[in-house]
Every structure is written in structure tokens, then in C-alpha cells.
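Numbering (our numbering), first residue to last: 114 to 439.
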């Protein structure tokens, strides 16, 4: 009995430590945005939203957090990413083909798919799928999905995504997939700046695709592209016990913003979607969900193709994801 109590206490302590570290990562993101806003207002509008003393104090706090967590975001004021213009985007064949996805909007079909398995279910994002490779703790390469077999190398552009880590604590080879997205407010702002109505973008996905595939990453930087991880392909030497949920949580611990996700069973999915009248019904009617089994690897059985989705606040930061307004 005593050993069980101790084990339970250890698990509780680990969970508390994870929450503590997540608060630090969130604080790092907040400081990055606050300091960048202060610098932008000072340089472009010739006014101050904080004193030099306050700025230096917050800067030192951010630097300390980055050193402690081993994570540095692309737009951190502690680093400078140079802009570069390419003549063309190089092509590269994916190590593993990126297959098309099936879809459903019916709870019953999703429950049938789940059967007696426990699975991870998450939002589908309307943007451009990107494959990232990290080695020795640094971003080495970023490639678009392309046609599923061959993509375009957009490493320089990925380095100016607003929330993408340039450096992470993990020192082995890491390969992950995620979605580059542009929020609806930025979509409207950019479209309003285009005087020719016929030249405006039809939806945020088209804008994101064009922004990510620019030959000049200075243009990409102005588009406020964000990256949300949704799948881990490889992390050498890390045991995830064949659990997609553990993989996503681990990616979050490395400093990535991951797609909102939940562990569900066929029974719990019914309760989750049918139990509340508001957002849950919109989820199944407007979104296509995809799942991975946490018991059996089903990397080829994702459900859904990308569509336009409503803007949804992220629970951790209050930010929104791209898509069509309700």
C-alpha cells in the first residue's frame, strides 16, 4: 500500500512539475510578444509603452527563461534572423509519403472508427502542412507537403514564423509535421492592403500557402504565419510507449505550440460532442476530426481533408486559428 501511495505521489509531483514548466513556456511566449510590441511601437510610432528600465528587466527575464528551457522562438528579441531572397525554392522528396486524408462529420462514424480503442482527437487546421527537421537542438530544414511525395524547401521562411522554435532542448534528430496558418484578422488586414480586388486572396489557406512559399522571407515575416505541430515522425532515443498523446505533450515541452487535442474513447466522444450545446456541436458540424490510436500505430488512417474552419481561441494563449468565420 505504501509503495502505491508513493508512486501516486510521484505522479502528482511530475504533473505539477509539467504544469510549472508549461507556465514558464507560456511566460516566454508572452514576453517575446510584449517586447516585440514595445520595440515596434517605439521604432514605428515614436512612442513608448514601457520605460527602458522595464524593457531591460523583461528582456533579462526572457533571456533567463530561454536559457533555462533551452528554447528560443524565431521572433525572440534576443536573436536576429536575417532576411534572404532566393531565386527559386529547391525541391526535395519526402522520406515517407504524406498520404491524403479521409473525412467524416458524423459522430457515429467516428465512434465506429474508434471501436474499443483509446485515441487522440484534435482540430483540423486550414493552412499548409510543413515537415520540420531539427538536429543538435537547432532547426535544420523545413519542407512543404507538396504533392505528398515531393515538397519545396522553405527553411528560410520557416525561420520567421511567429512562434516556431529555432532552438529546442532535445539534441537528437527530430522530425515532426505541423500546419502553418494565418489568422482571419491578418487575412482581412492583408487583403485590405491589396488595392486590386481581383488580386485579393479568396481564403486564409491560399494566403498562407503564398506567404510560406515566398522567395523572400521578409515578406513571410510580415504575414504573421504561425505553426502548430500535429504529428511526431521521429525522435531518436525517446520512448513514447506507442502513445500519440505522449508525443504531442513531449513536443509541447520542447517549446512547440501543438494542435488542441484530447484522449477519447467511443463513449467519451459521444459525451464530449453531445453533452454541451455550444462549441461541441460546432466542432462536429464544422470541423473534420482526425485520430490516431494510442494502442496501435495507424499513421495512415487519419480522417479528413483540410477545410475552412471557424476561428477558435486556443485555451493556453487565447490566440486564434485560421479559417472562415461562423
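Just so you know, even glycine gets a beta-carbon here, dropped at the ideal spot from N, CA and C.
Does the separation of the CB atoms of residue i and residue j fall below 7 Å?
i           : j           : result
residue 286 : residue 248 : yes
residue 245 : residue 289 : yes
residue 238 : residue 340 : no
residue 222 : residue 242 : no
residue 276 : residue 179 : no
residue 367 : residue 283 : yes
residue 263 : residue 204 : yes
residue 162 : residue 375 : no
residue 321 : residue 261 : no
residue 182 : residue 148 : no
residue 295 : residue 338 : yes
residue 279 : residue 252 : yes
residue 184 : residue 281 : yes
residue 93  : residue 313 : Residue 93 lies beyond the residue range present for the chain, which begins at 114 and ends at 439; the question has no answer from this structure.
Quick check on DSSP: helix, strand or coil for residue i?
i           : result
residue 333 : helix
residue 220 : helix
residue 376 : strand
residue 177 : helix
residue 125 : helix
residue 322 : helix
residue 210 : coil
residue 303 : helix
residue 190 : coil
residue 340 : strand
residue 283 : coil
residue 433 : Because residue 433 carries a pLDDT of 31, less than 50, the predicted location of this residue cannot be relied on, and the following value inherits that uncertainty. Note: residue 433 maps to strand in three-state DSSP.
residue 366 : helix
residue 171 : helix
residue 417 : The predicted position of residue 417 is uncertain, since its pLDDT is 31 and thus under 50; no value can be drawn from it.
residue 438 : With a pLDDT of 30 at residue 438, under the threshold of 50, the predicted position of this residue should be treated as unreliable, and no value is reported.
residue 247 : strand
residue 137 : helix
residue 154 : helix
residue 203 : coil
residue 263 : strand
residue 294 : strand
residue 310 : helix
residue 160 : coil
residue 345 : strand
residue 400 : For residue 400, the predicted structure reports a pLDDT of 31, less than 50, and the residue's modelled location is therefore unreliable. A value from the coordinates is still provided. Coil.
residue 184 : coil
residue 147 : helix
residue 103 : Nothing can be reported for residue 103: it is not among the residues displayed for the chain, which extend from 114 to 439.
residue 361 : helix
My assumption, with CB atoms under 8 Å, is that residue i sits in contact with residue j. Please give the rounded CB distance.
i           : j           : result
residue 175 : residue 164 : The Cβ separation is near 17 Å, so there is no contact.
residue 372 : residue 343 : 5 Å
residue 379 : residue 228 : 7 Å
residue 377 : residue 232 : 6 Å
Name the DSSP bridge partner or partners of residue i?
i           : result
residue 268 : According to DSSP, which records beta bridges pairwise, residue 268 is partnered with nothing at all.
residue 317 : Note: residue 317 sits in no beta bridge, so no partner.
residue 255 : 245
residue 238 : Per DSSP, none; premise fails for residue 238.
residue 371 : 342
residue 273 : DSSP lists no partner for residue 273.
residue 289 : 245 and 345
Does the region 291 to 310 come close enough to the region 327 to 334 that 3 or more CB-CB pairs lie under 8 Å?
-> Put simply, the region 327 to 334 does not touch the region 291 to 310. Fewer than three CB pairs are less than 8 Å apart.
State whether the region 332 to 344 contacts the region 266 to 273, with contact taken as three or more CB pairs (one from each stretch) at a distance under 8 Å.
-> As far as the Cβ criterion goes, the region 332 to 344 touches the region 266 to 273, which means the pair count is three or higher.
Any chance the region 130 to 139 sits against the region 361 to 369, with 3 or more Cβ pairs inside 8 Å?
-> Contact check between the region 130 to 139 and the region 361 to 369: three or more CB pairs, one atom from each, fall below 8 Å, which counts as touching.
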